[in-house]
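Numbering (my numbering), first residue to last: 24 to 436.
Have a look at the structure below, then the notes.
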Amino acid sequence: MGGNNSYEMAVRQLTEACSLLELERGICEVLKQPQRVIEVSVPLRLDNGEIRVFTGYRVQHNNARGPFKGGIRYHPELTLSEVKALAMWMTWKCAVVGIPFGGAKGGVAVNVKELSQAELERLTRTYTSRIMDFIGPERDIPAPDVYTNARVMAWIMDTYSAHVGYPVPAVVTGKPVEIGGAPGREAATGRGVATVARAAAERLGLSCRCAAVQGFGNVGYHSAKLLHEAGYRILAVSDSKGGIFCESGLKPEAVLEHKLKHGSVMGFPGAKEITNEELLSLEVDILVPAALERVITRRNADDVNAKMVVEGANGPVTPSADRILEERGVVVVPDILANAGGVTGSYFEWVQNRNGFYWSEERFNTELERVMSRSFEEVFSRAEREEISLRLAAYLLAVERVAKVRELRGIYE
Ligand code: GLU
Numbered sequence: 024m025g026g027n028n029s030y031e032m033a034v035r036q037l038t039e040a041c042s043l044l045e046l047e048r049g050i051c052e053v054l055k056q057p058q059r060v061i062e063v064s065v066p067l068r069l070d071n072g073e074i075r076v077f078t079g080y081r082v083q084h085n086n087a088r089g090p091f092k093g094g095i096r097y098h099p100e101l102t103l104s105e106v107k108a109l110a111m112w113m114t115w116k117c118a119v120v121g122i123p124f125g126g127a128k129g130g131v132a133v134n135v136k137e138l139s140q141a142e143l144e145r146l147t148r149t150y151t152s153r154i155m156d157f158i159g160p161e162r163d164i165p166a167p168d169v170y171t172n173a174r175v176m177a178w179i180m181d182t183y184s185a186h187v188g189y190p191v192p193a194v195v196t197g198k199p200v201e202i203g204g205a206p207g208r209e210a211a212t213g214r215g216v217a218t219v220a221r222a223a224a225e226r227l228g229l230s231c232r233c234a235a236v237q238g239f240g241n242v243g244y245h246s247a248k249l250l251h252e253a254g255y256r257i258l259a260v261s262d263s264k265g266g267i268f269c270e271s272g273l274k275p276e277a278v279l280e281h282k283l284k285h286g287s288v289m290g291f292p293g294a295k296e297i298t299n300e301e302l303l304s305l306e307v308d309i310l311v312p313a314a315l316e317r318v319i320t321r322r323n324a325d326d327v328n329a330k331m332v333v334e335g336a337n338g339p340v341t342p343s344a345d346r347i348l349e350e351r352g353v354v355v356v357p358d359i360l361a362n363a364g365g366v367t368g369s370y371f372e373w374v375q376n377r378n379g380f381y382w383s384e385e386r387f388n389t390e391l392e393r394v395m396s397r398s399f400e401e402v403f404s405r406a407e408r409e410e411i412s413l414r415l416a417a418y419l420l421a422v423e424r425v426a427k428v429r430e431l432r433g434i435y436e
């Protein structure tokens, strides 16, 4: 198994953890497979009257520790194997930070840039109706992911509520604040990234002052903004069209304003244009890949010149690259820890929806930073104690927690 796709990569990471934990083989087999795979066809009538059919997925990996939880991704190259990997990573992520959810992921293979707002709404509602029987506040709770946002979550919430006959805010997280979204959720993944990046720099005794961020969506933008606020110079950022570099540092808010106006970070005044590949090889203290999977592979891992890689995205570093980075002394703060602020924030939102009692943004941020710092410390001390990488330590903690619950609950045949 060479890790040629994301699911193989996820299985390889799991297998390594299972063998170190000396888990019963059968339990490892159970954890390798998603509990349920849903594939649906999503027909859409375009504004011009034509009908197009898209493929949608929802993969429910494991719900031993609580309801399935995970985002919905709209991406033209989305595949079932990718969704299966992302669903499995959600299971470990929730376990690492100790929130009572299992793991799932879903999405539609579609290029949202080719759709109007009205088409996007119809597509979202049809997709929701197709997975309707499998989601719910106690069952499976979707959230935003690549190319989906609060607005899409509002349509999912509305479609689900229309079907059951009353408003159900807790069926999805990452909603607009006006309909039960939590103030703070939008920035939560980035806040988590910044929190663990700072904690790691401190614990490892690295003096970190500058960073580069790949991806300028929700995760990339908020990571850059919060690192900038913490005093870091943001040397470079990028999006799918390319990157920008500025030796004296970029102001993330100004770059966002430019991106909203021109559709890309490219062309930002005063910055030099670079490629995504160049961004990954910049000499920086902290590199945050916050776009898609498998961008640092055995082919370019030797070019990484950062002291630390903090995985804002899911699965940006392949297992072969992991090994190369480790040999070269580049610390990797793994995705299942580094970007868990998002789902932790989702948990807070879900708790508030179910209680009908709403927190202030300040409370949200304080609780989030507490969970992220505590989780980092747990992973870090395990890594130190067992002399293993942060990724392996995070996996051991996560898989152990899920396996323990499986053992307590038993196997129902
Ligand atoms: N899509 C995000 C992730 O990959 C958030 C998931 C959630 O909040 O459920 O972690």
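Just so you know, even glycine gets a beta-carbon here, dropped at the ideal spot from N, CA and C.
Note that the coordinates shown come from a computational prediction; the quantities given were computed from them, not determined experimentally.
Option nearest residue i by Cα separation, candidates the options
| i | options | result |
| --- | --- | --- |
| residue 368 | 392, 300, 353, 354 | 392 |
| residue 44 | 169, 419, 144, 430 | 419 |
| residue 380 | 192, 433, 240 | 192 |
| residue 236 | 216, 229, 37 | 216 |
| residue 130 | 425, 389, 80 | 80 |
| residue 209 | 387, 61, 36 | 387 |
| residue 427 | 53, 33, 28 | 53 |
| residue 307 | 290, 354, 317, 320 | 354 |
| residue 222 | 434, 413, 431 | 413 |
| residue 119 | 431, 357, 372 | 357 |
| residue 352 | 359, 332, 360, 339 | 332 |
| residue 344 | 316, 281, 218 | 316 |
| residue 373 | 29, 281, 78, 162 | 162 |
| residue 305 | 257, 340, 321 | 257 |
| residue 296 | 320, 322, 267, 281 | 267 |
| residue 37 | 148, 417, 90 | 417 |
heavy atom of ligand 1 below 7 Å from residue i C-beta
| i | result |
| --- | --- |
| residue 92 | yes |
| residue 57 | no |
| residue 130 | no |
| residue 442 | Here the chain covers residues 24 to 436 and nothing more, so residue 442 does not appear. |
| residue 366 | yes |
| residue 337 | yes |
| residue 199 | no |
| residue 362 | yes |
| residue 205 | no |
| residue 196 | yes |
| residue 292 | no |
| residue 29 | no |
| residue 326 | no |
Span separating the alpha-carbon of residue i from that of residue j
| i | j | result |
| --- | --- | --- |
| residue 397 | residue 298 | 36 Å |
| residue 127 | residue 293 | 42 Å |
| residue 349 | residue 200 | 41 Å |
| residue 261 | residue 178 | 29 Å |
| residue 288 | residue 134 | 19 Å |
| residue 26 | residue 347 | For residue 26, the pLDDT reaches just 46, beneath the cut-off of 50, and the residue's location in the model is therefore unreliable, although a value from the coordinates is still provided. Each residue's alpha carbon lies about 15 Å from the other. |
| residue 325 | residue 395 | 30 Å |
| residue 187 | residue 158 | 12 Å |
| residue 329 | residue 270 | 15 Å |
| residue 421 | residue 121 | 9 Å |
| residue 137 | residue 97 | 12 Å |
| residue 229 | residue 180 | 44 Å |
| residue 61 | residue 254 | 45 Å |
| residue 69 | residue 146 | 10 Å |
| residue 168 | residue 197 | 10 Å |
| residue 101 | residue 132 | 5 Å |
| residue 406 | residue 227 | 12 Å |
| residue 64 | residue 150 | 8 Å |
| residue 303 | residue 309 | 10 Å |
| residue 411 | residue 283 | 42 Å |
| residue 250 | residue 74 | 45 Å |
| residue 377 | residue 42 | 39 Å |
| residue 320 | residue 327 | 10 Å |
| residue 33 | residue 300 | 24 Å |
Same chain, Cβ closer than 8 Å to residue i, five either side skipped, listed in chain order
| i | result |
| --- | --- |
| residue 242 | 212, 213, 216, 313, 335, 336, 362, 365 |
| residue 103 | 60, 62, 80, 82 |
| residue 432 | 87 |
| residue 99 | 132, 133, 134 |
| residue 47 | none |
Neighbourhood of residue i by C-beta distance below 7 Å, restricted to the same chain and skipping five residues each side
| i | result |
| --- | --- |
| residue 370 | 122, 124 |
Residues of its chain near residue i, where Cβ-Cβ distance is below 6 Å and the 5 sequence neighbours each way are ignored
| i | result |
| --- | --- |
| residue 59 | 83 |
| residue 190 | 184 |
| residue 24 | Since pLDDT at residue 24 reaches only 36, below the 50 mark, its modelled position is unreliable, and no value is offered. |
| residue 203 | 192, 376 |
| residue 175 | 147 |
Contact with chain B by residue i, beta-carbon distance below 8 Å
| i | result |
| --- | --- |
| residue 285 | Looking for chain B here will not work: only one protein chain is present. |
Are the stretch 101 to 118 and the stretch 74 to 85 touching by the rule of at least three beta carbon pairs closer than 8 Å? Touching, yes.
Three or more beta-carbon pairs under 8 Å between the stretch 137 to 145 and the stretch 154 to 168, yes or no? Counting Cβ pairs under 8 Å, fewer than three are found: no touch.
Contact the stretch 265 to 284 vs the stretch 243 to 251: 3+ CB pairs below 8 Å: At 8 Å Cβ cutoff, the stretches touch.
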